[in-house]
Amino acid sequence: MAESEVDQWLRWDKNPETRERVLNLQTKGEEMQLIRLMRPRLKFGTAGIRGEMKPGFAGMNDLVIIQTSQGLVSYLESVFGQRAIQERGVVIGFDARYNSSHWAQLTALACLEKGVRVYLFSRIVPTPFVPYTVTLKRAVCGVMVTASHNPKQDNGYKVYWENGPQIISPHDKGIQMSIEQNLEPWANAWDLKLFETNKSLVSDPIEEVLRSYYGQLEGGSLDLATNAASDMRITFTPMHGVGQEYMERAFEACQLKPPLRVPEQCDPDPEFSTVRFPNPEEGKSALNLAMKAADAGGSRLIIANDPDSDRTAVAEKEAGSWRVFTGNEIGSLLGWWMWHIQVLKRQQNPDKDWPPLEKCLMLASTVSSKFLRAMAKREGFQFEETLTGFKWMGNLAYDLQKQGAAYLIFAFEEAIGFLCSNLPLDKDGISGGVRVAELAIYLQREGLTLGQKLNELYCKYGFHTSLNGYFICHEPSRIDAMFHELRNHSDGGWKKEAAAVGASYPLFCGDHRVTYVRDLTLGFDSSHSNGIPKLPVSKTSHMITFRFDNGCEATIRTSGTEPKVKYYTELCATPDKKDQELLKAELATFVTTLIQEFMQPDKFKFEVPKLD
-5 MAESEVDQWL RWDKNPETRE RVLNLQTKGE EMQLIRLMRP RLKFGTAGIR GEMKPGFAGM
55 NDLVIIQTSQ GLVSYLESVF GQRAIQERGV VIGFDARYNS SHWAQLTALA CLEKGVRVYL
115 FSRIVPTPFV PYTVTLKRAV CGVMVTASHN PKQDNGYKVY WENGPQIISP HDKGIQMSIE
175 QNLEPWANAW DLKLFETNKS LVSDPIEEVL RSYYGQLEGG SLDLATNAAS DMRITFTPMH
235 GVGQEYMERA FEACQLKPPL RVPEQCDPDP EFSTVRFPNP EEGKSALNLA MKAADAGGSR
295 LIIANDPDSD RTAVAEKEAG SWRVFTGNEI GSLLGWWMWH IQVLKRQQNP DKDWPPLEKC
355 LMLASTVSSK FLRAMAKREG FQFEETLTGF KWMGNLAYDL QKQGAAYLIF AFEEAIGFLC
415 SNLPLDKDGI SGGVRVAELA IYLQREGLTL GQKLNELYCK YGFHTSLNGY FICHEPSRID
475 AMFHELRNHS DGGWKKEAAA VGASYPLFCG DHRVTYVRDL TLGFDSSHSN GIPKLPVSKT
535 SHMITFRFDN GCEATIRTSG TEPKVKYYTE LCATPDKKDQ ELLKAELATF VTTLIQEFMQ
595 PDKFKFEVPK LD
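Residue numbers (the working numbering): -5 to 606.
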């Protein structure tokens, strides 16, 4: 490998531990290990950077954080100007992982070096508090040091723009270019004394944020008296993360009884010592301790956050067994609840200047359930789809609200991310957890469980059932070949409609006709007269969506971070079809056909993932 990379590292790194590790490897001539540490360099994207904590340019460490922060500050200066970034400032938060607090300080030092005001939280906070504070303080951006629900050896660095949501292109490319131009640490990059000499530029926003955030949360409750009167016992686990004190304060603000704790998981623990993966989306395997605590405390409802409290999992005990709801099921329940709150609040206080109900907006990602779409058609509110990720939902909501065209009341993605207000413009596990608790209490008064209410909603708006999965493929050429065949199908369908992009998509899957095609790689949408999709097009990844005459919808796409080909399918039944088990079986049969005819895993030698 180029000796200069190791020499650069040893010249720039002032962390004695990481510098010593690299120096020892160099002394021993461990070239392969050095290559793995130095290459490829972590690249900044719309999700920031995330990776294993280790020395070298390929890992998360002090030097990489300094370089990233220097690049960010320089890019901010090029976009907003020096005076604006100095006056408006940058918000910086951190979670409870190893190094997070220290890396938040190093990020602040890069700001102080350029005279930029810093709103640096003094203690661990949920990730959604950073975008919330960006809006509250009118800052130019926010940084959150977190790796969310990744394994314990990882950490990350997320950036939020001045409008609140996570950055989208072209800011990611601009920041990456700026990082490459600012690799050498600035004069005071490591000097914590800068905090003493720049006291006037550093402030802790925690108390102001707590007052504002919990005031907003309380104001969004439907009926505080009902909350206070309920005897429902609710169990909460923060999955060893930051959420316990913040969720307990949220329950208090909304006059809910304190949640039962899960003793083994309630305190921040960077080892995540009781779970293999600190991700409540894993289901019962991640929630087994919460279920034991709930059973011991006579609780039939569990709410879980991931370690940075931006995701919400829900489990309910009914007829003696625990049911872990999917992200799509929670999204359907919360969507109805947030709409119901809007309707009832207008009835309770008709003289208030409410936004018209037809301007209420709900959002979901393209790979999430279409239940809200069915609900919107019947109830008359607005519904829009976006690409996967809250950065897209947050930015769309910001634009529509700024234009006065819509008022966001709910957004979700199937990966248990929920936004139950219009601030922050990012998924929020604290507000999501509280709204689930209030919904459960409201339904208890009606004699219903969450599961029973979900069935009621299916009867009214149509049963929606999903089946998702993926295949593994380490050779991109085979994935490209599969998508090439889908776009040049032997059926020769859609040739006229897709002539502009030179594609011909399948006409059938088994016996079912394809009624709609959207290709966000080539830029084709059959539902638009000009064939141009509303959603952003990207040539760097594959993503095709099909609808069929049996009510099924399927999206096949590549993963941006893993060697996977993913499929997301859903059967969207009409309300007259009531037999849920029959509909689930119908979807399962259809997906088998879809996999064999559209994805052809045997032909393209895709691997079936191994179950743990």
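The beta-carbon is built from N, C-alpha and C at its ideal position, and this holds for glycine as well.
With contacts defined by Cβ atoms closer than 8 Å, Phe245 and Pro253 form a contacting pair. Collapsing the DSSP output to three states places Met233 in coil. Just measuring C-alpha positions, the residue of Ala409, Leu565, Asp543 sitting nearest Thr459 is Leu565. Taking every protein chain shown into account, the CB of His143 has 16 or more other CB atoms within 10 angstroms, so this residue is buried. When C-beta atoms of the segment 83 to 91 are compared with those of the segment 258 to 266, three or more pairs fall below 8 Å, so the two segments count as touching. Distance from Val58 to Leu36 at the Cβ level is roughly 6 Å; contact confirmed, criterion being Cβ atoms closer than 8 Å. If you check the CB distance, Gly237 and Pro120 come in under 8 Å.
Residue nearest to Leu195 within the set Tyr113, Gly423, Val428, Glu11 is Tyr113 (criterion: CA-CA distance).
Bridge pairing for Asn462: Tyr562 [DSSP]. Per DSSP, the beta-bridge partners of Asn482 are Ser498. Around the beta carbon of Arg5, fewer than 16 other beta carbons sit within 10 angstroms, so the residue counts as exposed.
Inclusion of Ile424 and Ser303 in the CB contact set at 8 Å is warranted, their separation being smaller than that value. The beta-carbon separation of Glu46 and Gly39, rounded to 16 Å, does not stay under the 8 Å limit for a contact. Close CB contacts of Asp474 within its chain, under the 8 Å cut and outside five residues either way in sequence, are with His536 (chain order). If you keep only unbroken beta strand (DSSP E) runs of at least 3 residues inside the segment 355 to 416, you get 376 to 380, 401 to 407, 411 to 413.
Across the structure, Ile466 and Gln76 are spaced so that their CA atoms are roughly 47 Å apart.
Ranking Pro10, Arg367, Arg305, Leu501 by CA distance to the CA of Asp485 puts Leu501 first. Straight across, the Cα-Cα distance linking Leu103 with Ala399 is about 40 Å.
Considering only Leu204, Thr563, Arg82, the residue with the shortest C-alpha distance to Phe365 is Thr563. Contact check for Gly427 against Phe230 passes: the beta carbons are separated by less than 8 Å. One thing to note: Asp422 has its Cβ no nearer than 8 Å to the Cβ of Gly388.
For Asn462, the closest alpha carbon among the candidates Thr539, Phe123, Lys560, Val134 is that of Lys560. Around the beta-carbon of Thr306, 16 or more other beta-carbon atoms lie within 10 Å, marking it buried.
Its Cα nearest to that of Pro350, the residue Phe375 stands out among Thr21, Val256, Glu323, Phe375. Note that the segment 56 to 70 touches the segment 179 to 190; at least 3 beta-carbon pairs, one per stretch, sit closer than 8 Å. When DSSP states are grouped into helix, strand and coil, Tyr92 belongs to the coil group.
Annotated three-state conformation of His165 is helix, per DSSP. Residue environment analysis places Cys453 among the exposed positions, since fewer than 16 neighbouring C-beta atoms fall within 10 angstroms of its C-beta. Between the alpha carbons of Pro257 and Leu390 lies a distance of about 40 Å. Under the three-state reduction of DSSP, Asn449 is assigned to helix.
Per DSSP, reduced to three states, the secondary structure at Arg13 is helical.
Contact between the segment 343 to 358 and the segment 434 to 450 is not established, with fewer than three Cβ pairs separated by less than 8 Å.
In the three-state scheme derived from DSSP, where H, G and I count as helix and E and B as strand, Gly213 is classed as helix. Annotation: Arg481 to Arg367 spans about 27 Å, alpha carbon to alpha carbon. Within the same chain, and ignoring the five residues on either side of Lys152 in sequence, the residues whose Cβ sits closer than 6 Å to its Cβ are Gly42, Met138. If you draw a straight line from the Cα of Asn221 to the Cα of Gln249, it is about 6 Å long.
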